[in-house]
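Chemist: Its first residue numbered 1035, the sequence shown is counted upward by one per residue in this note's numbering.
Glycine included, every Cβ here is placed at the ideal spot set by N, Cα and C.
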Amino acid sequence: LRASAAWQDAPRPVLADDLLPERAMASDPAARDQLVEEIYRPLQEAGSALLETLSVYLEQASSLEGAARMLFVHPNTVRYRLRRVTDVTGWSPSDVRSAFTLRIALILGRLAAAEQRS
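Now the structure itself:
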């Protein structure tokens, strides 16, 4: 309930799964685990190129051309990899809400990986 206040424009009623990033940021361990297990880990298993491409794409304000320049690849390669991200996760990086969820999942996944290494 507390997390729903963070997404004021959410359709009502709003499902708990629709509030995953807000719940994770509100310290809900189940939401954090779900984001890592359902988004980060499948991307990690699919190959580092998908994680790197998604990360750079989001850092470049969702610019295909900007991401392509940073990755030294053709924009079509970025498009293909982002389609693969959608196939693997079910979340589209080109959708603003999905991109927010993907960004939170990347952060949580990196934190979880760092914890495992230490």
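Are L1077 and L1085 close, meaning C-beta to C-beta below 7 Å?
Modeler: Translated into the one-based positions of the sequence shown, residue 1077 becomes position 43. Translated into the one-based positions of the sequence shown, residue 1085 becomes position 51. Cβ atoms of L1077 and L1085: closer than 7 Å.
Chemist: Within this structure, are the beta carbons of Y1091 and G1143 separated by less than 7 Å?
Modeler: Sequence index remark: in the sequence shown, residue 1091 carries index 57 (1-based). Sequence index remark: in the sequence shown, residue 1143 carries index 109 (1-based). Between Y1091 and G1143, the CB-CB gap reaches or exceeds 7 Å.
Chemist: Looking at the structure shown, is Y1134 part of a helix, part of a strand, or coil, going by DSSP?
Modeler: Stepping through the sequence shown from its first residue, residue 1134 is reached at position 100. It is worth fixing the name first, because residue 1134 is Phe in this sequence and not Tyr. Of the three classes helix, strand and coil, the one that applies to F1134 here is helix, per DSSP.
Chemist: Per DSSP, what kind of secondary structure is P1076 in: helix, strand or coil?
Modeler: Stepping through the sequence shown from its first residue, residue 1076 is reached at position 42. Helix at P1076.
Chemist: Determine whether the beta carbon atoms of P1109 and V1119 lie at a separation below 7 Å.
Modeler: Along the sequence shown, one-based indexing puts residue 1109 at 75. Along the sequence shown, one-based indexing puts residue 1119 at 85. The answer is no: Cβ separation not under 7 Å.
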